[in-house]
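One structure is given below, encoded as structure tokens.
Protein chains: 2
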Amino acid sequence: MDYDSYARELAGKARRASRVVAALDANAKNKVLETMARGLEDAAERIGEANARDLAAGREAGLAAAMLDRLEVTPKRLAAMVDGLRQVVSLPDPVGKVVDSRIRPNGLEISRVRVPIGVIGIIYESRPNVTVDAAGLCLKAGNAAILRGGKESIQTNLVLGDILAESLAAEKLDSAIVQVVRVTDREVVNRLLKLDTEIDLIIPRGGEGLIRAVVEASTIPVIKHYKGICHVYVAATADLGMALEIVDNAKTQRPGVCNALETLLVDDSVAAKFLPVLRERLEPEGVELRGCPRTREILPDLAAAGEDDWLTEYLDLVLSVRVVNGLEEAIEHIDFYGSHHTDAIVTSDRAETEEFLRRVDSSSVFVNCSTRFSDGGEYGLGAEIGISTDKLHARGPMGLEELTTYKWVVRGSGQLRG
Amino acid sequence: MDYDSYARELAGKARRASRVVAALDANAKNKVLETMARGLEDAAERIGEANARDLAAGREAGLAAAMLDRLEVTPKRLAAMVDGLRQVVSLPDPVGKVVDSRIRPNGLEISRVRVPIGVIGIIYESRPNVTVDAAGLCLKAGNAAILRGGKESIQTNLVLGDILAESLAAEKLDSAIVQVVRVTDREVVNRLLKLDTEIDLIIPRGGEGLIRAVVEASTIPVIKHYKGICHVYVAATADLGMALEIVDNAKTQRPGVCNALETLLVDDSVAAKFLPVLRERLEPEGVELRGCPRTREILPDLAAAGEDDWLTEYLDLVLSVRVVNGLEEAIEHIDFYGSHHTDAIVTSDRAETEEFLRRVDSSSVFVNCSTRFSDGGEYGLGAEIGISTDKLHARGPMGLEELTTYKWVVRGSGQLRG
Chain A
1 MDYDSYAREL AGKARRASRV VAALDANAKN KVLETMARGL EDAAERIGEA
51 NARDLAAGRE AGLAAAMLDR LEVTPKRLAA MVDGLRQVVS LPDPVGKVVD
101 SRIRPNGLEI SRVRVPIGVI GIIYESRPNV TVDAAGLCLK AGNAAILRGG
151 KESIQTNLVL GDILAESLAA EKLDSAIVQV VRVTDREVVN RLLKLDTEID
201 LIIPRGGEGL IRAVVEASTI PVIKHYKGIC HVYVAATADL GMALEIVDNA
251 KTQRPGVCNA LETLLVDDSV AAKFLPVLRE RLEPEGVELR GCPRTREILP
301 DLAAAGEDDW LTEYLDLVLS VRVVNGLEEA IEHIDFYGSH HTDAIVTSDR
351 AETEEFLRRV DSSSVFVNCS TRFSDGGEYG LGAEIGISTD KLHARGPMGL
401 EELTTYKWVV RGSGQLRG
Chain B
419 MDYDSYAREL AGKARRASRV VAALDANAKN KVLETMARGL EDAAERIGEA
469 NARDLAAGRE AGLAAAMLDR LEVTPKRLAA MVDGLRQVVS LPDPVGKVVD
519 SRIRPNGLEI SRVRVPIGVI GIIYESRPNV TVDAAGLCLK AGNAAILRGG
569 KESIQTNLVL GDILAESLAA EKLDSAIVQV VRVTDREVVN RLLKLDTEID
619 LIIPRGGEGL IRAVVEASTI PVIKHYKGIC HVYVAATADL GMALEIVDNA
669 KTQRPGVCNA LETLLVDDSV AAKFLPVLRE RLEPEGVELR GCPRTREILP
719 DLAAAGEDDW LTEYLDLVLS VRVVNGLEEA IEHIDFYGSH HTDAIVTSDR
769 AETEEFLRRV DSSSVFVNCS TRFSDGGEYG LGAEIGISTD KLHARGPMGL
819 EELTTYKWVV RGSGQLRG
């Protein structure tokens with residue numbers, strides 16, 4: 001079968017399956033999620049074998065150690081996938097919730113009701129847990145899922161997909177509610193991305209290159225974030241002790257994730273006092289500081305930070321530091337170099353707080369706390385399918401509700417338009 | 419200047435202007451809208467002259483009469499544009515509204531607050547009123563607008579754009595809050611559609627060809643509807659008198675718009691009774707009925723309706739009719755041939771009502787009323803920038819709120835992630 005026919009068949013099956021899953025009530029969805037969780041537990045050996053084949057192929061292909069690590073499904077990681085599904089069981093079902101309603105003067109009852117989006121395509125790299133996490137969230141929100149992981153993890157993903165499909169079949173449901181793309185050639189993805197009458201939403205997860213390629217090729221709406229260049233601005237009135245703890249936490253608690261701090265902005269009036277203390281705290285933790293010219297007047301032996309640094313998501317123990325002249329310059333820097341992910345101010349000035357929160361155009365704006373809180377779980381969403389720095393549909397962490405849409409329901413008694 | 423530089427300059431100016439308009443409060447926005455309304459009133463002659471040049475060029479180019487009609491700005495139409503702006507003044511400002519908020523166990527105060535989207539590009543055909551309507555709605559929602567109408571209306575649009583820009587300048591605001599694209603070459607649009615870091619949303623308005631071309635070329639999110647193939651299903655238990663009035667109203671009250679009825683589905687059990695009465699009502703009103711084979715068993719001299727008819731948005735006094743075997747077949751037809759715009763059932767059965775409303779996957783689903791109510795004004799939104807048959811961000815009629823997004827605002831007192 002050619003790639004185009006394969007893509008069309010996948011998408012057509014998903015569209016039909018989407019009607020089945022959309023009609024399930026919360027109990028039925030929870031039952032199949034539990035069956036999936038048990039199915040994964042029971043198949044530990046089968047998953048391990050497939051994963052070993054991926055790892056062997058990866059070693060042979062000379063994959064980097066970090067890549068091999070992400071590929072590996074350890075017993076602990078399998079248990080986390082199973083736990084994840086059970087957490088999704090415990091979340092409330094967003095489908096059917098009435099968003100708002102009104103009765104018009106002519107008697108029409110008009111309401112907006114949450115409904116599933118339909119068919120969602122997830123395109124990701126080599127972490128096999130995404131296969132299970134995304135399947136569970138899409139299903140709970142009443143959607144069919146098409147899952148396409150990196151080719152390095154194909155054997156693992158196929159087995160995970162088989163187990164999810166078997167669980168659906170065991171519950172007498174259409175197994176195409178969750179489909180793993182079985183062909184690794186990129187051309188299949190490119191064909192899928194044009195099927196905008198069958199697929200409603202694409203969520204790419206991975207590096208900026210992957211995401212740009214998906215956006216470029218897709219005629220289907222895409223929700224995404226390219227990167228997370230998060231800032232903390234230490235303002236003139238900041239409690240410097242609090243600022244030190246926040247910067248330390250935001251940079252070092254988990255440096256490899258998108259809500260970690262990348263660029264610190266320090267107000268000129270406190271820079272001479274704050275920066276030496278900061279260095280004393282961070283350098284022993286292995287953080288490399290890079291500074292703008294004014295930072296290097298205070299800490300002369302730091303490496304220089306330039307344009308490239310302001311635009312870089314290090315995802316590592318590196319922190320670029322810039323001294324700015326007040327709020328205006330801080331906001332300008334964030335606006336120009338930032339990625340609209342998460343940006344924070346540390347201040348004790350109320351007016352400055354409100355101005356920062358109002359004017360910084362990021363999906364999450366923080367005052368006096370660590371950027372690491374930018375996360376669906378921390379926000380109380382229960383689980384997260386991803387983070388959006390787009391402006392449309394969903395912004396910031398996306399939970400179950402963001403995997404739904406609404407329809408307008410209008411009830412009349414014979415009304416005609418005059 | 420080359421097209422790429424021109425597009426980048428436009429988009430860059432819009433991005434800068436978007437920060438100005440986003441910061442305006444409701445009073446300031448209303449004041450400039452009123453200045454625009456007065457500016458248009460005072461410039462009637464200037465607008466008329468520009469419009470006469472477009473009309474003369476159109477006649478010379480052999481434009482169809484309907485096209486010339488759409489192009490014309492009569493005094494009545496100018497008054498309607500002015501009224502439209504004043505209606506927008508009277509609508510509540512969506513910006514700053516708190517969508518929801520919560521306090522987390524660690525004391526973080528987390529809320530979602532409505533904010534403008536940023537820069538919105540509107541791409542439309544030759545009706546110059548869109549220039550003013552879209553500018554007003556975008557501005558009230560705190561956005562900068564880039565407006566690109568059809569080349570046939572360029573002289574009119576440039577003058578309208580100049581008046582809006584002069585009104586902004588008179589209020590000491592950045593005149594790039596509303597920009598009309600001054601170059602008619604399509605290549606400028608294609609360049610604009612790739613500037614996804616400067617432009618946040620594209621709303622195309624026009625025929626299916628225009629919209630498909632925009633979706634194909636754009637890396638910016640697009641909200642749209644391709645067409646409106648609206649259905650009414652007359653069920654077995656329908657009040658046939660009510661059904662007759664609803665079908666008549668939905669088809670004939672304004673046949674040229676997207677929420678007009680295109681295909682009637684009649685339950686087999688009532689077809690023999692209903693169809694002859696329907697014909698007696700509609701044919702004198704000039705409606706051509708086209709029927710499926712079963713319809714033509716009842717009304718043998720009707721023209722045949724086939725696959726093409728089910729897929730056609732007539733926008734005219736033509737109605738295709740199909741006899742179906744119950745709800746299931748009606749839903750299947752709507753699902754397969756429909757455009758997810760607006761679909762209605764006429765029934766007196768409660769269970770059937772609920773099943774139709776739940777299973778029909780359209781942006782608006784109606785029971786016992788005319789499809790013509792699918793409209794922002796009729797829904798109580800106050801005004802409408804367009805209708806979306808997409809699933810993301812906005813579905814159905816889009817008002818001011820749909821021209822906003824939200825941001826997450828997180829207030830802490832030194833919280834760190836453990």
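Residue numbers (this note's numbering), protein chains in the order written: chain A, 1 to 418; chain B, 419 to 836. Cβ coordinates follow ideal geometry from the N, Cα and C atoms, glycine included.
- The bridge partners DSSP lists for isoleucine 538 of chain B are B/Ala563, B/Leu619.
- With the criterion set as a beta carbon lying under 7 Å from some beta carbon of chain B, the members of the segment 109-136 of chain A are Ile110, Ile117, Gly118, in sequence order.
- In terms of beta-carbon proximity, lysine 140 of chain A stays away from the interface with chain B, with every pair separated by 9 Å or more.
- Residue contact with chain A for alanine 441 of chain B: present (Cβ-Cβ distance below 9 Å to some residue of chain A).
- If you draw a straight line from the Cα of glutamate 478 of chain B to the Cα of aspartate 472 of chain B, it comes to about 10 Å.
- For the segment 777-791 of chain B, residues whose beta-carbon sits nearer than 8 Å to a beta-carbon of chain A comprise Arg777, Asp779, Ser780, Ser781, Ser782, Val783, Phe784, Val785, Asn786, Cys787, Ser788, Arg790, Phe791.
- Put simply, the segment 368-388 of chain A does not touch the segment 604-611 of chain B. Fewer than three CB pairs are less than 8 Å apart.
- Interface with chain B (9 Å Cβ-Cβ cutoff): tryptophan 408 of chain A is included.
- Contact residues of the segment 164-191 of chain A toward chain B are absent (C-beta to C-beta distance below 8 Å).
- Asparagine 445 of chain B has a beta carbon lying at 9 Å or more from every beta carbon in chain A.
- Taken through DSSP and simplified to helix, strand or coil, leucine 55 of chain A comes out as helix.
- Under a criterion of Cβ atoms nearer than 9 Å, no residue of chain A is adjacent to aspartate 422 of chain B; the nearest Cβ is some 17 Å distant.
- By a beta-carbon distance limit of 8 Å, threonine 184 of chain A contacts isoleucine 154 of chain A. Their separation comes to about 5 Å.
- A Cβ of chain B is located within less than 9 Å of the beta carbon of isoleucine 223 of chain A.
- Tyrosine 755 of chain B and tryptophan 728 of chain B have their C-alpha atoms some 6 Å from each other.
- Within chain B, the residues whose beta carbon sits less than 8 Å from that of threonine 405 of chain A are Lys809, Leu810, Arg813, listed in sequence order.
- Contact between glycine 149 of chain A and valine 130 of chain A holds, since their C-beta atoms are separated by about 7 Å, short of 8 Å.
- Taking a Cβ-Cβ threshold of 8 Å, none of the residues of chain B is close to aspartate 268 of chain A; the smallest such distance is about 23 Å.
- If you draw a straight line from the Cα of isoleucine 146 of chain A to the Cα of arginine 15 of chain A, it comes to about 10 Å.
- Chain-ordered, the chain A residues with CB closer than 8 Å to the CB of glycine 798 of chain B read Arg102, Arg104, Ile110.
- By a beta-carbon distance limit of 8 Å, valine 739 of chain B contacts leucine 707 of chain B. Their separation comes to about 6 Å.
- Distance between glutamate 701 of chain B and leucine 693 of chain B, taken at the CA atoms: about 12 Å.
- Selection B/Ala588, B/Ala723, B/Pro718, B/Glu698 evaluated against cysteine 710 of chain B yields B/Ala723 as nearest (Cα-Cα).
- Distance from the CA of glutamate 354 of chain A to the CA of valine 827 of chain B, rounded to the nearest whole angstrom, comes to 10 Å.
- For cysteine 138 of chain A, the enclosing alpha helix (DSSP H) begins and ends at 129-140.
- Straight-line spacing of the CA atoms in alanine 344 of chain A and serine 370 of chain A works out to 8 Å.
- For glycine 209 of chain A, no CB of chain B lies under 9 Å from its own CB, so it is not counted at the interface with that chain.
- Contact check for asparagine 368 of chain A and serine 831 of chain B: beta-carbon distance about 6 Å, within the 8 Å limit, so the pair qualifies.
- As DSSP reads the structure, threonine 263 of chain A sits in a beta bridge with A/His231, A/Ser320.
- Using a CB distance below 8 Å, no part of the segment 567-580 of chain B faces chain A.
- Here arginine 697 of chain B carries a helix assignment [DSSP, helix/strand/coil].
- Nearest C-alpha to isoleucine 123 of chain A among A/Val266, A/Lys224, A/Arg359, A/Thr389: A/Lys224.
- Proximity of leucine 416 of chain A to chain B, defined by a Cβ-Cβ separation below 9 Å, is satisfied.
- Shown here for tyrosine 424 of chain B: same chain residues with a beta carbon closer than 7 Å to its own, the five before and five after excluded, namely Val601, Val606 in chain order.
- Asparagine 325 of chain A sits in coil when the DSSP states are folded into three classes, being neither helix nor strand.
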